[in-house]
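The sequence shown begins at 14 in the working numbering and counts up by one.
Just so you know, even glycine gets a beta-carbon here, dropped at the ideal spot from N, CA and C.
This one's a predicted model, so the numbers in the text were calculated from it and none came from an experiment.
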Amino acid sequence: MIKKLFLTVLLIQFTACAELQQVVNQLPNTGITNDQIGNGLKQALHNGITNQVSKLAVKDGFFKNELTRILLPEELQKVDNTLRKIGLSKLADEGLKVLNRAAEDAVGEAIPIFVDAIKGMTFIDAKNILLGEKNAATMYLQNKTSEALYQKFNPIIANSFQKVGADKIWENLITKYNNLPLTANVNPNLTDYVTQEALKGVFTMVEVEEKEIRANVNKRSTELLKRVFALQD
Numbered sequence: 014m015i016k017k018l019f020l021t022v023l024l025i026q027f028t029a030c031a032e033l034q035q036v037v038n039q040l041p042n043t044g045i046t047n048d049q050i051g052n053g054l055k056q057a058l059h060n061g062i063t064n065q066v067s068k069l070a071v072k073d074g075f076f077k078n079e080l081t082r083i084l085l086p087e088e089l090q091k092v093d094n095t096l097r098k099i100g101l102s103k104l105a106d107e108g109l110k111v112l113n114r115a116a117e118d119a120v121g122e123a124i125p126i127f128v129d130a131i132k133g134m135t136f137i138d139a140k141n142i143l144l145g146e147k148n149a150a151t152m153y154l155q156n157k158t159s160e161a162l163y164q165k166f167n168p169i170i171a172n173s174f175q176k177v178g179a180d181k182i183w184e185n186l187i188t189k190y191n192n193l194p195l196t197a198n199v200n201p202n203l204t205d206y207v208t209q210e211a212l213k214g215v216f217t218m219v220e221v222e223e224k225e226i227r228a229n230v231n232k233r234s235t236e237l238l239k240r241v242f243a244l245q246d
């Protein structure tokens, strides 16, 4: 049984290599090996992290980025609207900003987790990414890292709330709202919400970089990237 399983795995790997090698062979004078293809894809993923994700880890990285700014969860939008109507706009603005600050604090922890996922990428992974959809590399990272990122982000965001006073700000906001007549009390889990939104922001920016590298030849910053992504052009 074990021998048959081993032979099946070898057959799958051989078929995948042969399929991509056939694509390579159809291009004249590529001179590119399977190892180079794998390395090129790893380089592209690393670029996505370096060029985009690191931008989120600075002040206003989330807050001033239209693609990643964290807005209020649905149950708090009525809180925000109500407080603004009664003259507490400044407090409401501060509440929104500290949610984004917490995400910015956490994102720096993403890069080592991504690097580990890239190192573990197999040739079959590389083949599926290269010949896959325009966001195939992003989806690979999302599948490999989401759980680890959540576990890493969540306590950092909780600590960040305390550090920047977000817990006090939102306790004040929610208390004021809940004390208003004719309002239903709210008590959202903001740590979980911001963690989920931070993850969305991270993968949004990885996808931005991946699509650029696939579509824009000028974004392929090394000779290896140019040669590898020429296979999918």
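For N172, the closest of L112, I99 and T95 by C-alpha to C-alpha distance is L112. Under a 10 Å Cβ-count criterion, D129 is classified as exposed, with fewer than 16 other Cβ atoms of the shown protein chains found around its own Cβ.
For Q65, the number of other beta carbons within 10 angstroms of its own is at least 16, and it is reported as buried. Around the beta carbon of N94, fewer than 16 other beta carbons lie within 10 angstroms, which makes this residue exposed. With three or more CB-CB distances shorter than 8 angstroms, the segment 72-84 counts as touching the segment 214-228.
In the displayed model, G51 falls within a helix according to three-state DSSP. With fewer than 16 other beta carbons inside 10 angstroms of its own, K147 counts as exposed.
For T46, the number of other beta carbons within 10 angstroms of its own is below 16, and it is reported as exposed. Judged by DSSP in its simplified three-state form, E122 adopts coil rather than helix or strand. A150: member of the alpha helix (DSSP H) spanning A149 to K176, first to last residue.
Nearest Cα to I62 within the set F127, A149 and R114: F127. Taking a contact as a CB-CB distance under 8 angstroms, the pair A116 and E210 counts as one, their CB atoms being some 7 angstroms apart.
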